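>
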Amino acid sequence: MTQTDVIAALQQYRQQDTPCTLVILVESEGSVPAKPGAKMLVAADGSTIGTVGGGALEHQATDMALEVMAAGSPRTIQLHLTEEAGYACGGHVSLYLEPMLPAPQLLICGAGHVGQAICHLAAYAGFAVTVIDDREEFLTEQLLPHAHHRMVSDFIEPFTCLNVDEHTYIVICTRGHTHDFHLVEQALATPALYIGMLGSRRKRATLIEKLTAAGLDQQQIEARLYTPVGLDIGGQTPREIGVSIVAQLIAQRRCHGSQIGGTAARSRSLTADGADQTTAPCAG
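Position in the sequence shown (from 1) plus 21 gives the number in the working numbering.
(1) Which same chain residues, not among the five before or five after residue 273, have their C-beta less than 6 Å away from its C-beta?
(2) Measure the CB-CB distance between residue 129 and residue 41 and report whether it falls below 9 Å.
(3) Which of the three DSSP states is assigned to residue 223 in this structure?
(4) For residue 152, which residues does DSSP report across the bridge?
(5) Please find out if some non-hydrogen atom of the ligand SAH comes closer than 8 Å to the beta-carbon of residue 200.
(6) Skipping 5 residues on each side, what residues in its chain have a beta carbon closer than 8 Å to that of residue 72?
(7) Using DSSP with H/G/I as helix, E/B as strand and the rest coil, what is residue 99?
(8) Drop a sphere of 10 angstroms on the beta-carbon of residue 265, count the other beta-carbons inside from all chains shown, and report buried for 16 or more, exposed for fewer.
(9) Start and end of the alpha helix (DSSP H) containing residue 199?
(10) Bridge partners of residue 215, per DSSP?
(11) Can you have a look at residue 166 and say buried or exposed, based on whether 16 or more other CB atoms are within 10 angstroms of its CB?
(12) So, do the region 84-100 and the region 111-118 have three or more beta carbon pairs nearer to each other than 8 Å?
(13) Classify residue 68 as helix, strand or coil using the three-state DSSP reduction.
(14) Compute the Euclidean distance between the alpha carbons of residue 68 and residue 96, then round it to the nearest angstrom.
(15) Give the DSSP-derived three-state secondary structure of residue 248 in the structure shown.
(16) Can the beta-carbon of residue 39 be found less than 9 Å from the beta-carbon of residue 64?
(17) Within its chain, find whatever has a CB closer than 6 Å to the CB of residue 153; leave out the 5 residues flanking it on each side and keep chain order.
(18) Reducing DSSP to helix, strand and coil, say where residue 265 ends up.
(19) Bridge partners for residue 42 per DSSP, in chain order?
(20) Tell me which same chain residues have a C-beta within less than 6 Å of the C-beta of residue 252, skipping the five on either side of it?
(21) Is it true that the CB of residue 126 sits closer than 9 Å to the CB of residue 190?
(22) State the start and end residues of the unbroken alpha helix (DSSP H) segment that holds residue 238.
(23) Which residues bound the alpha helix (DSSP H) around residue 27?
(24) Apply the 10 Å Cβ neighbour rule to residue 263 and answer buried if 16 or more other Cβ atoms are within range, or exposed otherwise.
(25) For residue 156, is the classification buried or exposed, using 16 other Cβ atoms within 10 angstroms of its Cβ as the cut-off for buried?
(26) Comparing C-alpha positions only, which one of 192, 151 and 142 sits nearest to residue 184?
(27) State yes or no: is the C-beta of residue 219 within less than 9 Å of the C-beta of residue 192?
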């Protein structure tokens, strides 16, 4: 397989939103099984396209490519191909590993002023944004030009027809507490990485009381739910609150990426530090 075939496969993976890692041999010294410029793609299941030398070198590169994919950050590694390390070549190689991951999915429940601000900023920050609302007149291209998808829903079970997985972010900012509380309960039943709700600390206390009365575990709620959502930057206007929320989304995304598997990030809830959104009525 030629290097052109590897690039063509990479383009196909990107079009299909298939996660993978591109491995490039960027430097070599001494006796090595491949030359600089050799490329290999590693998919999430460990399958490979192309080669950076085969044998033990390629096996180690594949393992590291999977680690890089889970971490979400590129890495350059140096390998000394000595007998002690299980190689026969005796040379040295430098490999660059670049994870190619789909844009993280953000679901915004509520297309009011705050939802619109979040959509604009989050799309600019690299999220694939879906906005959900029960008011079709709010789900227009004029109001939400950067949304990947605009979905009309009555908020009863909006997540059942969406692919909500452990990489999904959910922000709930509808125009009413009833919708918000119901959506939080629905979101907690999904494996979503991040669940945030707009509102005050009083609203948070009321929500937790209602959810625990319904049989949900309080520790699980507090570990997964970010409310008041957003970093405490003193934001007052919908756009300022949108900035604080998207900043928290980015922090969660990067924190999650730095943990293999991502479970540690979820336990670092920022709930207690969230801004008290006194402008919550502007969400609707």
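C-beta atoms are modelled at their ideal positions from N, C-alpha and C, and glycine is treated no differently. No experiment lies behind these values; they were computed from the predicted model shown.
Walking through what the data contain:
(1) 215
(2) no
(3) helix
(4) 129 and 171
(5) With respect to the ligand SAH, the structure offers nothing, as it holds no ligand at all.
(6) 22, 55, 59, 61 and 79
(7) strand
(8) buried
(9) 198-209
(10) 190
(11) exposed
(12) yes
(13) coil
(14) 20 Å
(15) coil
(16) yes
(17) 130, 172, 174 and 179
(18) helix
(19) 63 and 120
(20) 265, 268 and 269
(21) yes
(22) Where residue 238 is concerned, there is no enclosing alpha helix (DSSP H), given that its DSSP letter is neither H nor E.
(23) 24-36
(24) buried
(25) exposed
(26) 151
(27) yes
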